[in-house]
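Count along the sequence shown starting at 1, add 20, and that's the number in the numbering used here.
Here a beta-carbon is modelled for each residue, glycine too, at the ideal position from N, C-alpha and C.
Just so we're clear, the structure is a prediction, and the values are computed from it rather than from any experiment.
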Amino acid sequence: MTDIVDICRVDDIADPGAREFEIENSRGEKWYGFVVRRGDEVFAYANSCPHTGAMLNWGPDRFLTRAGNQIMCGVHGALFEISTGFCTAGPCQGQSLRSLDTVIENGNVKVARPA
21 MTDIVDICRV DDIADPGARE FEIENSRGEK WYGFVVRRGD EVFAYANSCP HTGAMLNWGP
81 DRFLTRAGNQ IMCGVHGALF EISTGFCTAG PCQGQSLRSL DTVIENGNVK VARPA
């Protein structure tokens, strides 16, 4: 990753859990995303449902199902795999969330700045 952005500490995210963030993309525009923690792994996605472009969360940092095993769109209930962002059920079934390269460095979650 050439241009990376610090998001938060891994310990700031529940396990399982998620945390939303706002950064500037490479053109200086606001860009909304979220990171999901599952054990020692962290995944980052755009906060945008492939169905309508609506933000996925239904409250601050609320992206996961009650069981914490899938990402769920708060608007239409679409379900996405945590590790891939692939939609397994709902109006955008077969599509995927836009992912960002993610790295954990010294306990800090960092993502590649989106284009």
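Among the residues of its own chain, which have a CB less than 6 Å from the CB of residue i, if the five just before and after it don't count?
| i | result |
| --- | --- |
| residue 145 | The structure shown does not extend to residue 145, since the chain is modelled only from 21 to 135, so the question has no answer here. |
| residue 33 | 39 and 57 |
| residue 46 | 133 and 135 |
Which term fits residue i, buried or exposed, when burial requires 16 or more other beta carbons within 10 angstroms of its beta carbon?
| i | result |
| --- | --- |
| residue 118 | exposed |
| residue 73 | exposed |
| residue 51 | buried |
| residue 98 | buried |
| residue 122 | buried |
| residue 90 | buried |
| residue 105 | buried |
With residue i as the anchor, note down where its beta strand (DSSP E) starts and where it stops.
| i | result |
| --- | --- |
| residue 128 | 128-132 |
| residue 54 | 50-58 |
| residue 122 | 122-125 |
| residue 42 | 37-44 |
| residue 95 | Unbroken run through residue 95: none, as it is neither H nor E. |
| residue 63 | 61-66 |
Less than 8 Å between C-beta atoms, sequence neighbours within five positions excluded: which residues of the same chain meet that for residue i?
| i | result |
| --- | --- |
| residue 28 | 39, 41, 55, 128 and 129 |
| residue 61 | 103 |
| residue 120 | 53, 64, 65, 66, 131, 132 and 134 |
Who pairs with residue i in a beta bridge, going by DSSP?
| i | result |
| --- | --- |
| residue 25 | 131 |
| residue 107 | 100 |
| residue 84 | 91 |
For this session: Take every Cβ of the region 73-93, pair it with every Cβ of the region 126-135, and state whether three or more of those distances are shorter than 8 Å.
Result: no
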